[in-house]
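Student: This note's numbering puts the first residue of the sequence shown at 208, with every later residue one more than the last.
One structure follows; several queries about it will come next.
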Amino acid sequence: MKEPDSGAVSETGEPGSEAAARHRLTAKQWTRFEAYAAEIFTALGMDLSTPSTKETPRRFIRAMYDSTRGYEGDSKVLTVFPTECRGGADCKISQIIEGPIPFFALCEHHVLPFHGMAHIAYIAHEHIVGLSKLTRLVHLYARRFTVQERIGQEMADWMVEHLEPHGVAVHLEAAHLCTQMRGVHEERSRTEVSFWRGAYESDPALRQEFLGRVSGQR
């Protein structure tokens, strides 16, 4: 079996960084992991002798690998551009809002998916980022074993570190299969979390404007 090509990169997408969290899997590892999956599925009742299930262990491991590509980073996220702000520290650009951005992630508690929409806003100072890069940023932190709160915090912190804006806002709304398929079976519940940095922390009107835009785009 041909192993996926996954070069070592950090969570911010910088090739060769010591922060790399995932390494290339060997052919032996893929074969061994498929055998583990086959043993588990068989024990749980799956018949792996049918045409539709005989490749299921391989497909399952591949799906897990593809769903956690965020650990490999994304070098294109780091592309930033200068703004037209030339007025010193007080120069501000009206808040830039991007969303809804669909995302999928794997809950680190049960390894079941949760999915939803992300909205990101920031008030630029000297740097801006291409709108497509915000989608890449969401995918970078969502395609992992994680929790909803961590995704939002990591995205907000990344924006602050790399853009140095006057403020950042992140809102995530998601449905969690770990509560829909098991446990309390909450079929219709959705979880919302918001994160504020800079001007958004101190300005209620700014937060209200952002959340109003989020509500209007649902």
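Note that beta-carbon positions come from the ideal geometry of N, C-alpha and C, so glycine has one too.
When you compare the CB positions of residue 364 and residue 404, do they come within less than 9 Å of one another, or not?
Tutor: Going by C-beta atoms, residue 364 is nearer than 9 Å to residue 404.
Student: In the structure shown, what three-state DSSP assignment does residue 404 receive?
Tutor: Three-state result, residue 404: strand.
Student: At 4 residues or longer, what runs of the alpha helix (DSSP H) sit wholly inside the segment 351-382?
Tutor: As far as the segment 351-382 is concerned, its whole alpha helix (DSSP H) runs of at least 4 residues are 355-370.
Student: Considering only the alpha carbon of each residue, which of 313, 247, 374 and 242 lies closest to residue 274?
Tutor: With distances taken between Cα atoms, residue 274 lies closest to 313.
Student: Compare the beta carbon distance of residue 366 and residue 329 with 9 Å and say whether it is the shorter of the two.
Tutor: Yes, these two residues count as a Cβ contact at 9 Å.
Student: Output the distance between the C-alpha atoms of residue 286 and residue 354, rounded to the nearest integer angstrom.
Tutor: For residue 286 and residue 354, the distance between alpha carbons rounds to 26 Å.
Student: Less than 8 Å between the CB atoms is what I'm expecting for residue 406 and residue 359, so what's the real figure, rounded?
Tutor: So it is not a contact: roughly 17 Å between Cβ atoms.
Student: Taking only three categories from DSSP, how would you classify residue 277?
Tutor: Residue 277 falls in the helix class under three-state DSSP.
Student: Please report the distance separating the alpha-carbon of residue 251 from that of residue 244.
Tutor: The alpha-carbon atoms of residue 251 and residue 244 are separated by roughly 11 Å.
Student: Looking at the structure shown, is residue 325 part of a helix, part of a strand, or coil, going by DSSP?
Tutor: Three-state DSSP puts residue 325 in a strand.
Student: Please identify the residue among 233, 379, 408 and 397 whose C-alpha is closest to the C-alpha of residue 307.
Tutor: Comparing Cα positions, the closest option is 379.
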